[in-house]
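Undergrad: Okay, here's the structure, questions in a sec.
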Amino acid sequence: MAGETVITIVGNLVDDPELKFTPAGHPVAKFRMASTPRTFDRQTNEWKDAESLFLTVTAWRSLAENVAGSLARGMRVIVQGALKQRSYEDREGVKRTVYEIEAEEVGPSLKGATAAVTKTNGNHGRQSQQQPNSGGYGTQQPARDQWSTGQQVGKWGQHPNDVPF
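Going from the sequence shown to my numbering is simple: count from 1 and add 17.
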């Protein structure tokens with residue numbers, strides 16, 4: 018990402034990641050996220066939300082598969098990647114400009130959640146034929162939480178006793 022504008026943004030997914038494949042077979046995931054700054058108003062003694070920033074995030078290859086298999090609408094994530102500007106003309110002929118992030122890294126925010134991370138098998142997110150369902154972010158097999166009492170955890174580290182955020 019040399020020479021590009023790299024940013025890190027924290028926010029919530031406003032939709033589920035959508036996984037598609039290019040004609041060449043490369044996976045690409047796309048999702049939208051909202052980042053809403055909060056400030057504390059000392060006069061009213063309460064937190065106030067500022068205007069939300071909505072961005073479309075694109076992830077490629079193994080990151081795309083891991084994102085699609087791990088994240089869902091409402092989850093708080095941290096995204097780092099290149100900020101891209103794209104201009105186009107809409108159906109009415111009005112010129113529009115949108116800003117998007119081409120993700121290099123995507124991860125869950127652990128501020129209000131827990132996660133059980135499972136390393137992929139080194140095959141760039143694809144299941145190995147020798148090790149079917151061997152782990153990774155996108156598998157349906159629950160991961161074992163080494164810090165718990167031995168209970169299995171579900172998708173994205175949700176423990177049966179966890180309260181969703």
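Note that beta-carbon positions come from the ideal geometry of N, C-alpha and C, so glycine has one too.
No experiment lies behind these values; they were computed from the predicted model shown.
Where does Pro34 fall in DSSP's three states?
TA: In the structure shown, Pro34 sits in coil (DSSP, three-state: anything other than H, G, I, E or B).
Undergrad: According to DSSP, is Val45 helix, strand or coil?
TA: It is a strand residue.
Undergrad: Taking the alpha carbon of Gly98 as the point to measure from, which residue in Leu30, Val74, Asp33 and Gly28 has its own alpha carbon closest?
TA: Nearest option by C-alpha distance: Val74.
Undergrad: Which residues bound the beta strand (DSSP E) around Arg93?
TA: Unbroken beta strand (DSSP E) run through Arg93: Arg93 to Glu106.
Undergrad: With DSSP run on the structure shown, which of helix, strand or coil describes Glu68?
TA: Here Glu68 sits in coil by DSSP.
Undergrad: Tell me the DSSP secondary structure of Asn138 in three-state form.
TA: It is coil, neither helix nor strand.
Undergrad: Would you say Val31 and Ala46 are within 7 Å of each other, going by their C-beta atoms?
TA: No, the pair does not count as a contact, with Cβ atoms beyond the cut-off.
Undergrad: Based on DSSP bridge pairs, tell me the residues matched to Arg55.
TA: Its beta-bridge partners are Asp66.
Undergrad: What does the Cβ neighbour count give for Phe57, buried or exposed, with the cut at 16 atoms within 10 Å?
TA: By the 10 Å Cβ count, Phe57 comes out exposed.
Undergrad: Leu88 to Arg108, Cα distance in whole Å?
TA: Going by the C-alpha atoms only, they are around 32 Å apart.
Undergrad: Between Thr75 and chain C, is there a C-beta pair that is closer than 7 Å?
TA: You won't find chain C in this structure, because it holds only one protein chain.
Undergrad: Using the three-state DSSP reduction, which class does Glu82 fall into: helix, strand or coil?
TA: Residue state, collapsed to three classes: helix.
Undergrad: Report back the beta-carbon spacing between Lys128 and Arg93 to the nearest angstrom; my notes put them in contact at under 8 Å.
TA: Correct: roughly 7 Å between the Cβ atoms.
Undergrad: Residue range of the beta strand (DSSP E) that Thr2 falls in?
TA: What is shown of the chain runs 18 to 182, which leaves residue 2 out entirely.
Undergrad: Since Trp64 contacts Arg78 with CB under 8 Å, what's their CB separation in whole angstroms?
TA: At roughly 39 Å, the Cβ-Cβ gap does not stay under 8 Å, so Trp64 and Arg78 are not in contact.
Undergrad: Please return the same chain residues whose Cβ sits closer than 6 Å to the Cβ of Ile24, not counting the five positions on each side in sequence.
TA: Only Leu100 meet the Cβ criterion.
Undergrad: For Ala85 versus Ala120, is the C-beta spacing smaller than 7 Å?
TA: No, the Cβ-Cβ distance between Ala85 and Ala120 is not below 7 Å.
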